[in-house]
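Peer 1: The structure is given below, and queries will be raised subsequently.
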Amino acid sequence: MTISLRKARTIIRKTLEKGRELELKPLSVVVLDAGGHVQAFEREDGASPGRFAIAHGKAYGAVMLGMAGTAQMARAEQQAYFMGAVNGLFGGQMVPVPGGVLLRDKKGAVIGAVGVTGDTSDNDATAALAGIEAAGLTGEI
Numbered sequence: 001m002t003i004s005l006r007k008a009r010t011i012i013r014k015t016l017e018k019g020r021e022l023e024l025k026p027l028s029v030v031v032l033d034a035g036g037h038v039q040a041f042e043r044e045d046g047a048s049p050g051r052f053a054i055a056h057g058k059a060y061g062a063v064m065l066g067m068a069g070t071a072q073m074a075r076a077e078q079q080a081y082f083m084g085a086v087n088g089l090f091g092g093q094m095v096p097v098p099g100g101v102l103l104r105d106k107k108g109a110v111i112g113a114v115g116v117t118g119d120t121s122d123n124d125a126t127a128a129l130a131g132i133e134a135a136g137l138t139g140e141i
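Position 37 (the sequence shown) corresponds to 37 in my numbering; numbering is contiguous.
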């Protein structure tokens, strides 16, 4: 299964709605397919222009390693040399913190990742999960 544009748009819309409900700072949300390619992206009014790269880095690290942002951060704290080397292999594109959420289908297969940035990393992850669940998928933070 792959992530459809329709589901990606639902994830983004519901993630942004959750951010407004929680009164978070303006968010930026990217949805990547299982190959790390951008399926959809939106940046709320007021979000800084550099947020695409951060959201992408969170999602890209998750999908390329098969490891959610929270697990990446823990690994970086325990083995900084490993995460530094892996990030180098991927051209410095990874941002190993919460807010990079793996997307899984009903069978548990990884079908992509969501990256959210704009507020604290934990709040970014909370908003992402709301969007993912609204699309009928499972997120791993």
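Built from N, CA and C at the ideal position, the CB exists for glycine as well.
Just so it is clear, the structure is predicted and the values come from calculations on it, not from any experiment.
(1) Helix, strand or coil: how does DSSP classify Val95 here?
(2) Just list the beta strand (DSSP E) runs in the stretch 9-72, keeping only unbroken ones of 3 residues or longer that don't cross its boundaries, in chain order.
(3) Measuring CA to CA, which of His56, Ala68, Gln72 and Gly131 is closest to Lys14?
(4) With 16 as the cutoff for other CB atoms within 10 Å, does Tyr81 come out buried or exposed?
(5) Given this structure, state the Cα-to-Cα distance separating Val114 from Leu24, to the nearest angstrom.
(6) Do you know whose CA, among Glu44, Ala40 and Thr2, lies nearest Leu16's CA?
(7) Given that a residue counts as buried once 16 or more other Cβ atoms are within 10 Å of its Cβ, and exposed if not, what is Lys107?
(8) What do you get for Ala125, buried or exposed, if any count of 16 or more other CB atoms within 10 angstroms of its CB means buried?
(9) Give me the Cα-Cα distance between Thr70 and Gln79, rounded to the nearest whole angstrom.
(10) Within the same chain, show all residues whose beta-carbon is closer than 6 Å to that of Leu137, passing over the 5 residues directly before and after it, in chain order.
Peer 2: In short:
(1) The sequence position of residue 95 within the sequence shown is 95, counting from 1. Residue state, collapsed to three classes: coil.
(2) 28-33 and 38-43
(3) By one-based count along the sequence shown, residue 14 stands at place 14. With distances taken between Cα atoms, Lys14 lies closest to Gly131.
(4) What you label residue 81 is simply residue 81 of the sequence shown in a count that begins at 1. Label assigned to Tyr81: exposed.
(5) The residue given as residue 114 occupies position 114 in the sequence shown. The residue given as residue 24 occupies position 24 in the sequence shown. Looking at the two C-alpha atoms, the distance is approximately 17 Å.
(6) The sequence position of residue 16 within the sequence shown is 16, counting from 1. Of the candidates Glu44, Ala40 and Thr2, the one whose C-alpha sits nearest the C-alpha of Leu16 is Glu44.
(7) Here residue 107 is taken as the residue at index 107 of the sequence shown, counted from 1. Per the 10 Å Cβ criterion, exposed.
(8) Sequence index remark: in the sequence shown, residue 125 carries index 125 (1-based). Buried, since its Cβ has 16 or more Cβ neighbours within 10 Å.
(9) Residue mapping note: residue 70 aligns to position 70 of the sequence shown, counting from 1. Residue mapping note: residue 79 aligns to position 79 of the sequence shown, counting from 1. Roughly 14 Å separates the two Cα atoms.
(10) For the purposes of this step, residue 137 is taken as the residue at position 137 of the sequence shown. So the list reads Leu103, once near-sequence residues are dropped.
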